[in-house]
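Engineer: The listed protein sequences correspond, in order, to chains A and B.
If you want the numbering used here, it's the position in the first sequence, counting the first as 1, plus 12.
If you want the numbering used here, it's the position in the second sequence, counting the first as 1, plus 12.
Glycine is no exception: its CB is placed at the ideal position from the N, C-alpha and C atoms.
Given the structure is predicted, the values throughout are model-derived calculations rather than measurements.
Protein chains: 2
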Amino acid sequence: MRPAKCKRMNEPSTRNPTLDDVAALASVSTATVSRYLNNPKVVAAATAERIREAIAQTGYIPNMLAGGLASSKSKMVSVLIPHLTDSIFNDTIQTMAEELASAGTTVMLGLTGVAPERTDEMILAAMGRRVDAIISTAPLGPQTRELVERFPGLFIQIWELPEDPPGIAVGFSHRDVGRDVARFLQTRGYRRPLLVTAEGTRARIRSDGFVEEWQALGGGDVAQAQVDIPSRFGHARRIFADMRRMAELPDVVVCGSDYLAQGLIVEAQAAGLRVPDQLAVMGFGNSALAGAMRPTITTVDIDGSRIAREAIAAIRHHATGAPPLARSIDVGFRLIERESA
Amino acid sequence: MRPAKCKRMNEPSTRNPTLDDVAALASVSTATVSRYLNNPKVVAAATAERIREAIAQTGYIPNMLAGGLASSKSKMVSVLIPHLTDSIFNDTIQTMAEELASAGTTVMLGLTGVAPERTDEMILAAMGRRVDAIISTAPLGPQTRELVERFPGLFIQIWELPEDPPGIAVGFSHRDVGRDVARFLQTRGYRRPLLVTAEGTRARIRSDGFVEEWQALGGGDVAQAQVDIPSRFGHARRIFADMRRMAELPDVVVCGSDYLAQGLIVEAQAAGLRVPDQLAVMGFGNSALAGAMRPTITTVDIDGSRIAREAIAAIRHHATGAPPLARSIDVGFRLIERESA
DNA sequence: GCTGGAATTGATAGCGCTTGCATTGTCCCG
DNA sequence: CGGGACAATGCAAGCGCTATCAATTCCAGC
Numbered sequence: 013m014r015p016a017k018c019k020r021m022n023e024p025s026t027r028n029p030t031l032d033d034v035a036a037l038a039s040v041s042t043a044t045v046s047r048y049l050n051n052p053k054v055v056a057a058a059t060a061e062r063i064r065e066a067i068a069q070t071g072y073i074p075n076m077l078a079g080g081l082a083s084s085k086s087k088m089v090s091v092l093i094p095h096l097t098d099s100i101f102n103d104t105i106q107t108m109a110e111e112l113a114s115a116g117t118t119v120m121l122g123l124t125g126v127a128p129e130r131t132d133e134m135i136l137a138a139m140g141r142r143v144d145a146i147i148s149t150a151p152l153g154p155q156t157r158e159l160v161e162r163f164p165g166l167f168i169q170i171w172e173l174p175e176d177p178p179g180i181a182v183g184f185s186h187r188d189v190g191r192d193v194a195r196f197l198q199t200r201g202y203r204r205p206l207l208v209t210a211e212g213t214r215a216r217i218r219s220d221g222f223v224e225e226w227q228a229l230g231g232g233d234v235a236q237a238q239v240d241i242p243s244r245f246g247h248a249r250r251i252f253a254d255m256r257r258m259a260e261l262p263d264v265v266v267c268g269s270d271y272l273a274q275g276l277i278v279e280a281q282a283a284g285l286r287v288p289d290q291l292a293v294m295g296f297g298n299s300a301l302a303g304a305m306r307p308t309i310t311t312v313d314i315d316g317s318r319i320a321r322e323a324i325a326a327i328r329h330h331a332t333g334a335p336p337l338a339r340s341i342d343v344g345f346r347l348i349e350r351e352s353a
Numbered sequence: 013m014r015p016a017k018c019k020r021m022n023e024p025s026t027r028n029p030t031l032d033d034v035a036a037l038a039s040v041s042t043a044t045v046s047r048y049l050n051n052p053k054v055v056a057a058a059t060a061e062r063i064r065e066a067i068a069q070t071g072y073i074p075n076m077l078a079g080g081l082a083s084s085k086s087k088m089v090s091v092l093i094p095h096l097t098d099s100i101f102n103d104t105i106q107t108m109a110e111e112l113a114s115a116g117t118t119v120m121l122g123l124t125g126v127a128p129e130r131t132d133e134m135i136l137a138a139m140g141r142r143v144d145a146i147i148s149t150a151p152l153g154p155q156t157r158e159l160v161e162r163f164p165g166l167f168i169q170i171w172e173l174p175e176d177p178p179g180i181a182v183g184f185s186h187r188d189v190g191r192d193v194a195r196f197l198q199t200r201g202y203r204r205p206l207l208v209t210a211e212g213t214r215a216r217i218r219s220d221g222f223v224e225e226w227q228a229l230g231g232g233d234v235a236q237a238q239v240d241i242p243s244r245f246g247h248a249r250r251i252f253a254d255m256r257r258m259a260e261l262p263d264v265v266v267c268g269s270d271y272l273a274q275g276l277i278v279e280a281q282a283a284g285l286r287v288p289d290q291l292a293v294m295g296f297g298n299s300a301l302a303g304a305m306r307p308t309i310t311t312v313d314i315d316g317s318r319i320a321r322e323a324i325a326a327i328r329h330h331a332t333g334a335p336p337l338a339r340s341i342d343v344g345f346r347l348i349e350r351e352s353a
């Protein structure tokens, strides 16, 4: 449907003002207005003033679809995460959205859910919108990977460090997290750990790292339990119930998220167990609640904001046309000793 | 920067395939391919098949910027919320993103934070991208409102029902929530409530409704405390500490969110108080943790998913060109009696 | 006063798609 | 067997902006 033409008389109230309207009002060419908008300092001060007035007078709002089409830069980035509730990625997204917004870029949210086929769809949607970058927490299957190779923007994998990432990666070593936790708990004198793992690749890798190190240090068998993704508060009830049916109660439960850890503490306390004396609990992610819980939760701090900032820096760098400075940016992690373990 | 031209020979590998490439390969006009893409049933079956093959062969990905420019429908909706962490809106956004994605529409995320001037920026950005709808949880100031009047798409205010919304509203009456909670707690025999309110308009309205009804029913004074926005788990520590310094301890604490309620329960228990016997706690939002906490949290259920679905239905309806069916859609709320109060 | 280079600006050809209108082909019915 | 209705497609004019290239203006330096 073409908007009404009104060639005969100028009735600008009908449709949105365009660059041409502004240009006409300021008696300059559209090119100059465009330049003013994108790079104000190249137009003369007096001209800039006239343009500014014309914009205010017309109430002009640039059409970024048109701009994007012409420049093939959309000023959008697509952020792909599995879900939103109780998500460990929230800090990252929050920072991402805020920092990008202040640079005039917006975030396209893609929820990949648990189904990997959704990831492909979302990537396609993002590519169709010609986003400048795709930032994804999802590990890529071979088919998705092929898709990504054709993506002209920057692909950034976050919250993990695959050894051969498509595009670049900003994250940390999950295996090392697992190892460090194992060492820490063994030093603290725990002997019968229970690993509660969500069925995702990353959590799996942490668990593997844990078991590897635990046994290398002479620890015995490591009990394991599974929870659905995402690992959340509500899962604790079942885990705890199952645990009580075990032949020998674990002395420490290693959780895949602080939410789950919190849940276990609540369950343990409700059952009359003292934490950490009778049951220690360890979390992951250092979300705000970990420091506020009673007892405070021993956990692993991941600087989600920093991940976002590094990703953004990479996008900016990429925009200059330069090749990436690094294929892989390790933001590390920090074990935070608190009361719960 | 114009992409390399390669007029001389056809080297399609250089640039993204376009509609023309597909059309050429399928020996039809671009118009037909476009029609196939947007409304498959208007093209003949045989033609459709050829086009399908051509698309597969070229690996064509439609440029939605171009499409949006031409049709002035971007297939994007902007969702404006204050923040992501511990957010009561997460269910709404989650549902929104999922349902919209399956209809080929994507969500532009806008975090308005606590600063209302950010809201204007985000709305401007959304309008610049010609989104089909703007869905906002933020109450609008007069200036923003003026902006919104000029928005050609559908503006939807969610999680509240102002009497004269710009566009349409999907939500419920916060005042009624306050009233119902007051009545409920008085019936349960509580006498000394403490209202913990986050400093936002909506929470304020709930509190006012509470006080109004509480006193109408012959209840006495209502103690109040303030927390920063967003009302979250970590705030509980301070609130509880302040509370203990009160001349007379409240017998029930009414919280602005389940997260805060959970925090208070944890604090109370850590201090040796039994919940709800010595201190009752009430939440708001019925997030997943409310049912999983020990004790389970009495709260007010808001169907966030339904809010999302109603909003989407309104968008679909709006897309047909028909005027809105209703300016205001009340999704109601439900008081959920559980153990904590 | 002249000249070369820098600073501004204008003209214009697209970017890749949608869509109103025109055209062609098909089929059914009188 | 002609003609109208309908289905399927093609043509081409934009959508509103950016960016290249050329034209113009402005000055400092000689």
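For Val40(A), which residues from the same chain have a beta carbon less than 8 Å from its beta carbon, with the 5 sequence-adjacent residues on both sides left out?
Structural biologist: Thr59, Arg62, Ile63
Engineer: Between which two residues does the beta strand (DSSP E) holding Asp313(B) run?
Structural biologist: 311-313
Engineer: Please report whether the beta-carbon of Ser340(B) lies at a distance below 7 Å from any beta-carbon of chain A.
Structural biologist: no
Engineer: I need the straight-line Cα distance from Gly303(B) to Arg321(A), nearest angstrom please.
Structural biologist: 36 Å
Engineer: Compare the C-beta of Gln106(B) with all C-beta atoms of chain A and state if any pair is closer than 7 Å.
Structural biologist: yes
Engineer: When DSSP builds the beta bridges, which residues end up paired with Phe167(A)?
Structural biologist: Ile146(A)
Engineer: Scan the stretch 50-126 of chain B and note each continuous beta strand (DSSP E) run of 3 residues or more that stays entirely inside, going in chain order.
Structural biologist: 88-93, 118-123
Engineer: With a 10 Å radius around its C-beta and 16 neighbouring C-beta atoms as the bar for buried, classify Ser148(A) as buried or exposed.
Structural biologist: buried
Engineer: Please decide whether Thr97(A) counts as near chain B, where near means a Cβ-Cβ distance under 7 Å.
Structural biologist: yes
Engineer: How is Arg346(B) classed by DSSP in three states: helix, strand or coil?
Structural biologist: strand
Engineer: Count the other C-beta atoms from every protein chain shown that fall within 10 angstroms of the C-beta of Ala16(A), then say buried if there are 16 or more, exposed otherwise.
Structural biologist: Legend: pLDDT at Ala16(A) = 39, less than 50; position of this residue unreliable, no value from coordinates given.
Engineer: Out of Ala35(B), Phe163(B), Ala237(B), which has the shortest C-alpha to C-alpha gap to Ala253(B)?
Structural biologist: Ala237(B)
Engineer: Going along chain A, which residues have a C-beta under 9 Å from Leu301(B)?
Structural biologist: Asp98, Arg244, Phe245, Gly246, Tyr271, Gln274, Gly275
Engineer: Counting contacts by CB-CB distance shorter than 7 Å, is Ile180(A) in contact with chain B?
Structural biologist: no
Engineer: Apply the 10 Å Cβ neighbour rule to Ser25(A) and answer buried if 16 or more other Cβ atoms are within range, or exposed otherwise.
Structural biologist: The pLDDT assigned to Ser25(A) is 48, lower than 50, so where the model puts this residue is not dependable, and the model offers no usable value.
Engineer: Report yes or no: do three or more beta-carbon pairs, one from the stretch 95-112 of chain A and one from the stretch 86-105 of chain B, lie closer than 8 Å?
Structural biologist: Taking one beta carbon from each stretch, the stretch 95-112 of chain A and the stretch 86-105 of chain B have 3 or more pairs nearer than 8 Å; the two touch.
Engineer: Would you kindly check if the distance between the Cβ of Pro307(B) and the Cβ of Glu260(B) is under 7 Å?
Structural biologist: no
Engineer: What is the DSSP secondary structure of Gln290(B), reduced to helix, strand or coil?
Structural biologist: coil
Engineer: Quick one, which of Arg346(B), Ala323(B), Leu347(B) has its alpha-carbon nearest Arg358(B)'s?
Structural biologist: Residue 358(B) lies beyond the residue range present for chain B, which begins at 13 and ends at 353; the question has no answer from this structure.
Engineer: Step through the CB atoms of chain B and report whether any lies within less than 7 Å of the CB of Pro74(A).
Structural biologist: Judged by the 7 Å Cβ criterion, Pro74(A) is in contact with chain B.
Engineer: Does the Cβ-Cβ distance between Phe359(A) and Val343(A) come in under 7 Å?
Structural biologist: Nothing in the structure corresponds to residue 359(A), since chain A is present only between 13 and 353.
Engineer: I'd like to know whether the C-beta atoms of Ala292(A) and Val266(A) end up nearer to each other than 7 Å.
Structural biologist: no
Engineer: Report the neighbours of Met139(B) on chain A: residues whose CB is nearer than 8 Å to its CB, in chain order.
Structural biologist: Ile73
Engineer: For chain B, find out if any of its Cβ atoms is closer than 7 Å to the Cβ of Ala78(A); answer yes or no.
Structural biologist: So yes, Ala78(A) belongs to the interface.
Engineer: Who are the near neighbours of Arg187(A) in its chain, counting only those whose CB is closer than 6 Å to its CB and skipping five residues on each side?
Structural biologist: Ile217, Gly221
Engineer: Closest to Leu285(B) by CA distance: which of Asp144(B), Arg256(B), Asp270(B), Leu301(B) is it?
Structural biologist: Arg256(B)
Engineer: State yes or no: is the beta carbon of Asn298(A) nearer than 7 Å to at least one beta carbon in chain B?
Structural biologist: It does not: the Cβ of Asn298(A) has no partner Cβ on chain B nearer than 7 Å.
Engineer: What did DSSP end up calling Leu362(B) once you bin it into helix, strand or coil?
Structural biologist: An answer regarding residue 362(B) cannot be provided, because it is not within the stretch 13 to 353 covered by chain B.
Engineer: Shortest alpha-carbon distance to Met139(A) belongs to which of Ile319(B), Pro74(B), Pro177(B), Ala282(B)?
Structural biologist: Pro74(B)
Engineer: State the start and end residues of the unbroken alpha helix (DSSP H) segment that holds Gly221(B).
Structural biologist: 213-228
Engineer: Counting only the same chain and skipping the five closest in sequence on each side, list residues whose C-beta sits under 6 Å from that of His330(A).
Structural biologist: Leu166
Engineer: Looking only at C-alpha atoms, which of Ile319(A), Val34(A), Ala82(A), Gly246(A) sits nearest to Val91(A)?
Structural biologist: For the residues Ile319(A), Val34(A), Ala82(A), Gly246(A), the minimum Cα distance to Val91(A) belongs to Ile319(A).
Engineer: Quick one: is Val278(A) near chain B, going by C-beta distance under 7 Å?
Structural biologist: yes
Engineer: Could you tell me which chain B residues have their CB closer than 7 Å to the CB of Asn102(A), listed as they occur along the chain?
Structural biologist: Leu96, Thr97
Engineer: List the residues that DSSP assigns as beta-bridge partners of Ile180(B).
Structural biologist: Ile168(B)
Engineer: Which residue wins for smallest C-alpha separation from Pro177(B), given the options Ala35(B), Val189(B), Leu152(B), Pro52(B)?
Structural biologist: Leu152(B)
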